[in-house]
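Chemist: Quick one: this structure, given as structure tokens, is what I'll be asking you about.
In the numbering used here, the protein residues as written are 14 to 131.
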């Protein structure tokens with residue numbers, strides 16, 4: 014019976030790491046020991062930033078809405094308060110798209126918010 018010299022488990026495990034590290038700079042994509050630590054770190058960054066992305070986009074939407082509302086002479090907080098009192102339910106993503114794409118509709122919302130504020 015022939016002797017098994019080199020099993021594939023170890024090689025497969027290493028190749029899996031190196032495949033994940035493809036595109037990394039220098040030895041981080043070539044050497045298993047360095048690639049392993051970088052793949053772990055990259056995974057941590059990816060996990061963290063999937064959550065941070067939601068915060069970043071919300072902040073972007075709010076700043077766009079604020080700019081649009083201030084152009085009409087209303088602060089962001091007063092604008093949102095007016096929309097809530099007028100019972101207009103639009104999320105911040107939709108409102109920021111209105112600021113960019115349909116200024117006339119956004120201005121109508123500002124007037125409705127002003128009316129609701131009194």
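Cβ atoms here follow ideal geometry from the backbone N, Cα and C, with glycine treated the same way.
Predicted, not measured: the structure shown is a model, and the values here were computed from it.
Does the distance from the CB of residue 77 to the CB of residue 113 come in under 8 Å?
Modeler: Going by C-beta atoms, residue 77 is nearer than 8 Å to residue 113.
Chemist: Jot down the residue ranges of each uninterrupted alpha helix (DSSP H) in the stretch 15 to 69, minimum 4 residues, whole runs only, in chain order.
Modeler: Listed in chain order, the complete alpha helix (DSSP H) runs (minimum 4 residues) inside the stretch 15 to 69 are 21 to 33.
Chemist: How many angstroms separate the CA atom of residue 50 from the CA atom of residue 56?
Modeler: Roughly 10 Å separates the two Cα atoms.
Chemist: If you follow the alpha helix (DSSP H) that residue 109 is in, where does it begin and where does it stop?
Modeler: Per DSSP, residue 109 belongs to the alpha helix (DSSP H) from 105 to 114.
Chemist: Pairs of beta-carbons, one from the stretch 106 to 123 and one from the stretch 77 to 95, closer than 8 Å: are there three or more?
Modeler: Judged by Cβ distances under 8 Å, the stretch 106 to 123 makes contact with the stretch 77 to 95, as three or more pairs qualify.
Chemist: In chain order, what residues of the same chain have a beta carbon less than 8 Å from the beta carbon of residue 43, not counting five sequence neighbours either side?
Modeler: Result list for residue 43: 31, in chain order.
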